[in-house]
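Per this note's numbering, the sequence shown starts with residue 4, numbered consecutively.
From the three backbone atoms N, C-alpha and C, an ideal C-beta is built for every residue, glycine too.
For clarity, every value in this text was computed on a predicted model and none was experimentally measured.
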Amino acid sequence: MDARAKRGVLRDRVRPIDFDRVSSVADLVGAMRGASIQARNLGLCAEVLENLYADRGRPTVLLGLAGPLIAAGLRKVLRDLVAGGYVDVIVSTGAILYQDIYQARGFGHYVGDPQADDSRLRDLLIDRIYDVYVDEEKFMETDSWLGRVADELPPGNYSSRAYMEFVGRHLDDDQSIVATAARRGVPMFVPALNDSSIGIGLTDHYYRAKRAGRPRIAIDSIRDNYELTQIVVQSKKTAAIYIAGGVPKNYINDSVVMAYIFGAEKGHSYALQLTADNPHWGGLSGSTLKEAVSWGKIRSKATTAMCFVEPSVSLPMLAGYALQRKLARGRKRLRFHWDGDELQSIR
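Set out below in structure tokens:
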């Protein structure tokens, strides 16, 4: 037996989490680096954040959002990350940004019961998201409001980014993710916008415009591709933060793949993911960041970490670490200068 090799392997002891030394969420997440299993992985995700926000090359941070994050009570967590300069681009499911808009208009999410009588809820026009209730009548009112906002735009094709920015300027709520992103100039892409209540609102706009015989707007999903890829190509470096998986994760990654169209070869310099999906099913949501290296989506020497903990638990802890340690302090925000679908510059 090679005793020296054995000592080399048994070099670092697992360090128990000591609550005599923990007085904040940031302390707890920091202590998890010395623990094991998913606690260590969450601590390593925090380490990735430290590295990317300390990088003098100022990576463009693309935040992918999927899952019932607003229903889970994470609206202010996400808004504070945007307001604090931790996020440069948002790529989200339509449901997340829609539910933010729903709350910005004064409507609520309510404590529910996963064992509820759903037939009775249907009679009361109450929709259930696992253990959360929302008011379907207020959803329909919000759908119609989004359609009326679309009425104000000149007819033509728009990216989801252009439409969401316009919506954000119509919201009077400083706790809104959409309003905060619009105010700070953070682009919001919703690649599956049609597959959400935002899409329902735009269908309302389409229906009324068609019946009235007037022109209408349409969301051009390929223009989304074109715009987001320009951001990636013009960025010195990029960093990807994936909350859950789904379309936003794939979309952020495809923007890297599409860079070849512009004659550029890109790959994220930093990447981390919080997810409850498993790699062994072969689906994208649980696929490892290591697998993404084979596609060129992430650089082979990128700093990465992945934590398999459901985001309603892991995201507030990781965000708490970043916010309490003020990792983005002094970080200047990016200014995107658009001429239609052309990104003139990032400054």
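Note that the C-beta distance between residue 163 and residue 192 is below 7 Å.
In the same chain as residue 53, and ignoring 5 residues on each side of it, the C-beta atoms closer than 7 Å to its own belong to 330, in chain order.
Secondary structure note for residue 302: it is in no alpha helix (DSSP H), and the uninterrupted beta strand (DSSP E) holding it is 301-310. From the listed residues 83, 82, 165, the smallest Cα separation to residue 222 is found for 165. Membership of residue 160 in the beta strand (DSSP E) is indicated by the continuous run 159-161. In the DSSP annotation of this structure, residue 49 is not part of any beta strand (DSSP E); the continuous alpha helix (DSSP H) holding it starts and ends at 40-57. At a cut-off of 3 residues, the continuous stretches assigned as beta strand (DSSP E) that sit fully inside the segment 83-131 are 92-95, 112-114.
Residue 252 places its beta carbon less than 7 Å from that of residue 67. With a threshold of 16 other beta carbon atoms within 10 Å, residue 283 falls short and is exposed.
Less than 7 Å divides the Cβ of residue 273 from the Cβ of residue 306. As DSSP reads the structure, residue 67 sits in a beta bridge with 94, 245. When the Cα atoms are used, residue 117 and residue 123 turn out to be separated by approximately 13 Å.
One thing to note: residue 248 has its Cβ within 7 Å of the Cβ of residue 280. Remark: three or more beta-carbon pairs, one from each stretch, lie closer than 8 Å, so the segment 223-243 and the segment 63-80 are flagged as touching. Note: residue 220 is bridge-paired with 159 in the DSSP secondary-structure output. A straight line joining the alpha-carbon of residue 38 with that of residue 276 spans about 19 Å. Rounded to whole angstroms, residue 285 and residue 291 show a C-alpha spacing of 10 Å. By the Cβ-count criterion, residue 263 is exposed, with fewer than 16 other Cβ atoms from all chains shown falling within 10 Å of its own Cβ. In this structure, residue 48 lies near residue 321, with their beta-carbon atoms less than 7 Å apart.
Taking residue 245 as the centre and dropping the five residues before and after it, the same chain places the C-beta of 67, 252, 276 closer than 6 Å to its C-beta, in chain order.
With contacts defined as CB atoms closer than 7 Å, residue 260 and residue 183 fail to qualify as a contacting pair. Our two residues, residue 25 and residue 145, have alpha carbons roughly 43 Å apart in a direct line. For residue 136, the CB contacts under 6 Å within the same chain, skipping 5 residues up- and downstream, are 113, 115, 129 in chain order. Here DSSP, grouped into helix, strand and coil, assigns residue 274 to strand. Distance from the CA atom of residue 257 to the CA atom of residue 208, rounded to whole angstroms, is 30 Å. Here residue 328 is buried: its Cβ has 16 or more other Cβ atoms, across all protein chains shown, within 10 Å. Residue nearest to residue 121 within the set 134, 111, 110 is 134 (criterion: CA-CA distance). With the rule of 3 Cβ pairs closer than 8 Å, the segment 330-344 does not count as touching the segment 310-317. Residue 267 holds the alpha-carbon nearest to the alpha-carbon of residue 299 among 267, 317, 110, 178. Straight across, the Cα-Cα distance linking residue 83 with residue 29 is about 16 Å.
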